[in-house]
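If you read the sequences in order, they're chains L, Z, B and X.
Numbering (the UniProt record's numbering) for the first sequence: 1 to 378.
Numbering (the UniProt record's numbering) for the second sequence: 1 to 378.
Numbering (the UniProt record's numbering) for the third sequence: 1 to 378.
Numbering (the UniProt record's numbering) for the fourth sequence: 1 to 378.
C-beta: ideal position from N, C-alpha, C; glycine also.
None of the values given here were measured: they were computed from a predicted structure.
Number of protein chains: 4
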Amino acid sequence: MVGYKFMGKAHSHAYKDVNMFFDMDAEVVMKAICGRDEEGVKAAADKFGWDGYETDWRKLVARDDIDFIDINAPSDAHKEIALAAIAAGKHVFCEKPLALNLSDAREMLEAAEKAGVKHGICFNYRFLPAVQLAKSIIDSGKLGEIHHYRATYLQDWLVDPQTPLAWRLKKEVAGSGAHGDINAHSIDLARFLIGEFDRVVGHNRTFVKERPLLTSSQGLAGQASATEKGEVTVDDATAFLADFKNGAMGIFVASRFATGRKNHNTFEIHGSKGTIRWDLERLNELEVYFREDEPELAGFRRVLATEPQHKYAGNWWPTGHIIGYEHGFVHIVYEFVQHLATNSPFAPTFADGVRCQEVLEAVDLSIERGTWVSVDEV
Amino acid sequence: MVGYKFMGKAHSHAYKDVNMFFDMDAEVVMKAICGRDEEGVKAAADKFGWDGYETDWRKLVARDDIDFIDINAPSDAHKEIALAAIAAGKHVFCEKPLALNLSDAREMLEAAEKAGVKHGICFNYRFLPAVQLAKSIIDSGKLGEIHHYRATYLQDWLVDPQTPLAWRLKKEVAGSGAHGDINAHSIDLARFLIGEFDRVVGHNRTFVKERPLLTSSQGLAGQASATEKGEVTVDDATAFLADFKNGAMGIFVASRFATGRKNHNTFEIHGSKGTIRWDLERLNELEVYFREDEPELAGFRRVLATEPQHKYAGNWWPTGHIIGYEHGFVHIVYEFVQHLATNSPFAPTFADGVRCQEVLEAVDLSIERGTWVSVDEV
Amino acid sequence: MVGYKFMGKAHSHAYKDVNMFFDMDAEVVMKAICGRDEEGVKAAADKFGWDGYETDWRKLVARDDIDFIDINAPSDAHKEIALAAIAAGKHVFCEKPLALNLSDAREMLEAAEKAGVKHGICFNYRFLPAVQLAKSIIDSGKLGEIHHYRATYLQDWLVDPQTPLAWRLKKEVAGSGAHGDINAHSIDLARFLIGEFDRVVGHNRTFVKERPLLTSSQGLAGQASATEKGEVTVDDATAFLADFKNGAMGIFVASRFATGRKNHNTFEIHGSKGTIRWDLERLNELEVYFREDEPELAGFRRVLATEPQHKYAGNWWPTGHIIGYEHGFVHIVYEFVQHLATNSPFAPTFADGVRCQEVLEAVDLSIERGTWVSVDEV
Amino acid sequence: MVGYKFMGKAHSHAYKDVNMFFDMDAEVVMKAICGRDEEGVKAAADKFGWDGYETDWRKLVARDDIDFIDINAPSDAHKEIALAAIAAGKHVFCEKPLALNLSDAREMLEAAEKAGVKHGICFNYRFLPAVQLAKSIIDSGKLGEIHHYRATYLQDWLVDPQTPLAWRLKKEVAGSGAHGDINAHSIDLARFLIGEFDRVVGHNRTFVKERPLLTSSQGLAGQASATEKGEVTVDDATAFLADFKNGAMGIFVASRFATGRKNHNTFEIHGSKGTIRWDLERLNELEVYFREDEPELAGFRRVLATEPQHKYAGNWWPTGHIIGYEHGFVHIVYEFVQHLATNSPFAPTFADGVRCQEVLEAVDLSIERGTWVSVDEV
């Protein structure tokens, strides 16, 4: 695994726990974690339960005892590492976004397909029980024809102008701001749930143009410099309208300036027969409404997706005992490792990463042009 | 009508509007309102739309042009006025509590029955659409056998020790505190929804024993005296356990010290097939749960009781346009006037007032004794 | 008053009750209601409490005993009646939309200003206590600089394809569909709360193109023809992005196809210091979040706007006793009549109706063009 | 560790993950898990990550390489194992209830104190961030004097009469039903948050007296016998009133018949200055209300206890990324292991287990007697 910060911790936890809660056709062995700072990566290896560590990802990629590589380093490093891993015949599991731009993402997909290695991208929210339930409701036809899709992904960690200039705020490292970081999740969920985008039109803002430099690299929690400032080169917020290929209307908004909203990743989907609504801050719950209920008794149901019937839920605790954010990673790792072991179907792959990137770039192009842009055009 | 303060306003509004929203077999004519303070009652008559006023209820009772008397004066006056009205052959509609104690309440019921006049007591919450829906769900058997009944009626207007000593805090005028004022509503709703009480055991508190005297009599909003204090002679809060005759377990709590709860009149009823929950602060909504729903899709439904199918709702606005607190008075007045005009069935009557009083007094007796008390015993 | 259906009932109720709950400098006298169908309007006059009725609005306008005219007939009649009333020197209070299109609306505004009569438009939601609280929070600076405005107005009465072709679905009578009917409310609230629109881009849908004809004209509740169908000539749903002149980003969606949402008129406003959220289905509540709260205790507060401190709330019931949809009409009528009587400031006027229409038409133009459209351009 | 079913899994997970997320003064080494069924316990050892296993707890207790024993076998085995472990000088961490009855519990406490070993009882809910926040709010005086404590612990897994007779329904193994299993949690939380009980009075029910026997011992999920039935010898539901030593009034209800409620462990605490409310089904959230907030802006705040300021939350994920049920076990294990390693203060100990048992038995005694019972009396 390359990367040992926020995502490194979440992924490590998943590898550590997956065998305990799931019956698997392969046992995960946590060989080595990799990062440039030896002290930091060594500590992470100990803490997270890795057998060893490397400070150069090239060495990691070259090791014979490793079958697959998990890449969760900052976004600008994804492409180079992935291409090398693919070249070495390793299976690759990559954090989103796949790459800094669409052409890089396409290159990665092509390489992986050519090499015949298995590949996945970590759109972890697909794998929460309530989201799986949403998917099964839609696939069963219980919502009917889809008319509306509305998504928000709202955070507020940038509303304080003293929040320092982390790597996520620099275009050359992160590629994009709220759009690529969190709209990406919303776009993937929409594709997963109701299908492909046709065209989009958007707008964005960088509300605070300059921020204090970061004096240490301790992730999001680093100290702000009292004196030096740097330019924010990504968006603080991006919103867009979408037409889907199935005729549905869509609205998406991602912001890091949504005061009071901490991780408000929501979708609401209206169909001709019903509606569903979900919110990551209450990720165990799905609200559902069915028109076929008796009119005087119809209403939004709060389904607590912790029943044995709910996918993955039975692997954890009895009904009503909720799970948390990190469980999505355990589930996606379970599915990907099963895919490696048994060739069971797996999505999302690099192809989904590319598709997501197409929508992101179509939105950016629409902002540039001030018009609707067809996703197929980018 | 006797009384022109908070309840006088609510009742007047109901008489004023009922013909507009309901098709009735009789038209309400608002003849006269009565109160001791001529200036105050004259102003109320003008404001609320009464044809005239009286300052002595004996005169009101003696008038030939009046068919029925609405009594919403302070509780200690109910009995005398009601007995006189009954003696004069008037139909009587009385605010709760019927009287200061059970024997008075029984005397009033007996007098009304003997005289053959029609009588009602203003347990207005029965007549809200969501409560009517609760009733119809239970009566239809959709909840199955009832196991649990839990009620709260929580307010916080006394938690400030400077809140003055209003008439509602004096035993000789009000009869009781939170218990008689708001537990009375919960007891009536429980009887309406699931039936009679078997036995009870309770406890109570007067958290603040002395309060500033009221310098003017402007209802709850009067000024507190800076210097003089008086003793609070009623309970601030009363809670009790109940066994129902149908075998259900019950819990009731009423408090005027429930910080942050303004009018939190709730019930939650668990049956073998389903559950319902209601809250007066969101009085248009009923939460319902049915076990027969598919396990993976079962959940509490938030039913917005504003559909034409919901009783009384169709008389107001289109679906989703909510109604408020005072609408319950319009509905009960509608039913009572129809009862007068057409002899249609009507409850709650004085008999329900007596039943409620029995439960209240059984609880008080249980507090005195420190044991369970059978309601039939009082 | 011209009109006696849904809005006629809501307005009549307001005129009937306003003097009871508010201290006013003028007493409302309900002279006459007007409609083309004599039987219908006579019944409405009786029911709603009008002194008399007219079947020709020209006669109403000509009457000397009438100071102001309330127009709530179908939208296509607004202009002609309003111009005649203005010409007769009457003050005019008009339902929204002001007219079928922007040029008509402008003509009406110009006529009213020239004649020097007082004019108002019935954007009733401005006058709910929780919305007034939102306004006062924003004006006090407690939200800081506004970054995001998100509005929904969602209903579902058209999702059933058998719902008949009411007048609201015909462009020649209604002017517009969900856009003009309910986005209009959202646009007005946004202007009221955070100011003027700069530019917009939108999309819309008519999901069901043909519907059964209506066999009777009993409003929305009429019977559908079993055999004959007609074309729906307005939008079922319209959504748009907006840039505000103050730099805020906006998102608006109105739909009559949002299954399960009955009257889901919401706004959420993120500022640099706080956030507020409101929902018409729980119209007594305002959710507020303040960044200045201690971090470990910050959270969205559910404020129940029923305290005496909340505008208009003190005129009704004690704290915690909620009000309903129609109360907004009472409040706007109170303000407009006070405006007539004392020349107190009043908004929204016809000027606000024009401004709203400008945004509506800019959105429609953006849909035609597929690009952003400046509101000043229309 | 003795026990390898539901609690065995939860505890194992805690030992496995605690070093990853917390900086500790000792590393947990998972030596051996113990159970009577060799096949089952061997599988559990593999799955849960234990170095080895034992089939006889006497052997486990005798091992020199083990410093402390975790007991989560069925309740009837707690005492014997704990006494043996204590005799062997091991530290002991025991699932609740400590024992089947009060005298056994007291014997265990006495033995542990005499032997000078460290002891803990697994009241895991104390250790959730939102509950810790509740505690710190109360301790800081922000709620003022406590007036009311209301707790529910509601589940519905027994409402189906076909749910089989698991060990938790037999008095000789479980000691008690809903009362000892889930009221125990509520009692402990109340003691943790507001202090000791003075006196209690309660009632209970066994709604379904006979149930199908269990054909296999696969925990709660076992198969019901089609033919044989056995008697349920514990309560399905128990509710009680309480007076606290600090003068507060309390209400507690535990039920396994609360249809629709899956794990509805809640408390609501009203003080003279504020109120807090918590619900295990949304365990990351705490609702708080402060009277000192400006009256027009006061309301229940939904605090998402995922900020770095919230105890334990910073060890997991960024703000807004929620945690689940099992995290409470990680936190209690962290505190207990730190207690072993550094002698840091730790509660709850066996003394808390005894105190909880006293309240449980006082309630049972009150049910027998039909009167209030002083907790000091038992």
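In the DSSP annotation of this structure, the continuous segment of the alpha helix (DSSP H) that includes M20/Z starts and ends at F6 to F21. For the segment 321-339 of chain L, the set of positions with a beta-carbon nearer than 8 Å to some beta-carbon of chain X reads H321, I322, I323, G324, Y325, E326 and H327 in chain order. From the beta-carbon of Y153/B, no residue of chain L is found nearer than 7 Å; the closest lies around 13 Å away.
At a cut-off of 8 Å, the C-beta of K229/B has no neighbouring C-beta in chain Z. Under the DSSP assignment, M249/L falls in the beta strand (DSSP E) whose first and last residues are M249 to S255.
The beta strand (DSSP E) runs lying completely inside the segment 18-85 of chain B and spanning 3 residues or more are 32-34, 52-54 and 68-71, given in chain order. Within chain X, the residues D156, A258, T259, G260 and R261 have their CB atoms less than 9 Å from the CB of T275/Z, given in chain order. Inside the segment 240-295 of chain X, DSSP marks whole beta strand (DSSP E) runs of 3 or more residues at positions 249-255, 264-271, 274-279 and 285-290, from first to last along the chain. The Cβ atoms of G230/Z and M20/B do not sit closer than 8 Å to each other. Close CB contacts of A178/Z within its chain, under the 7 Å cut and outside five residues either way in sequence, are with D235, D236, A237, T238, A254, S255 and R256 (chain order).
Nearest to A224/Z by alpha-carbon distance, out of V232/Z, I187/Z and L213/Z, is L213/Z. A Cβ of chain X is located within less than 8 Å of the beta carbon of A298/B. Following the DSSP letters along the chain, one finds R126/X in no alpha helix (DSSP H), marked with neither H nor E. In this structure, L98/Z is the residue among D56/Z, L98/Z, P164/Z and A351/Z with its C-alpha nearest to the C-alpha of P74/Z. Assignment of beta-bridge partners to A224/X by DSSP yields L214/X. Selection H331/B, V117/B, I66/B and V288/B evaluated against N343/B yields V117/B as nearest (Cα-Cα). At a C-beta separation below 7 Å, K42/X has no neighbours in chain L, since its nearest C-beta there lies roughly 15 Å away. Note on geometry: alpha-carbon atoms of D51/Z and K5/Z lie some 18 Å from one another. Taking C-beta atoms as the reference points, F244/Z and V201/Z fail to come closer than 8 Å. In chain order, I71, V92, C94 and M108 place their CB closer than 7 Å to the CB of A82/Z, counting only its own chain and leaving out the 5 sequence neighbours on each side. Only buried fits V2/X, as 16 or more other CB atoms lie within 10 angstroms of its CB. Excluding residues up to 5 positions away in sequence, N124 and F127 lie with their Cβ nearer than 6 Å to the Cβ of I332/X in the same chain. Contact between K273/B and G353/B is ruled out by a C-beta separation of about 32 Å, above the 8 Å threshold. Per DSSP, reduced to three states, the secondary structure at H327/X is helical.
According to the DSSP secondary-structure assignment, Y149/B is paired through a beta bridge with G250/B and I269/B.
Contact check for A77/L against F329/L fails: the beta carbons are separated by 8 Å or more. Its Cα nearest to that of E368/L, the residue W372/B stands out among H327/B, M30/B, I367/B and W372/B. Straight across, the Cα-Cα distance linking L360/L with I121/L is about 16 Å. Among the residues facing chain X, G3/L is not included, as its CB has no counterpart in that chain under 8 Å away. Taking C-alpha positions only, M7/B is separated from G324/B by approximately 15 Å.
If the five residues before and after V208/B are omitted, its C-beta is found closer than 8 Å to the C-beta atoms of L158, P161, V232 and D236, all from its own chain and listed in chain order. Under the three-state reduction of DSSP, L304/B is assigned to strand. In the structure shown, A88/B falls within a coil segment according to DSSP collapsed to helix, strand and coil.
Not flagged as an interface residue toward chain B: V359/X, since no C-beta distance is shorter than 8 Å.
Using a Cβ distance threshold of 8 Å, A248/Z and Y149/Z count as a contacting pair.
Going by beta carbons, A88/X and A130/X fall outside the 8 Å limit.
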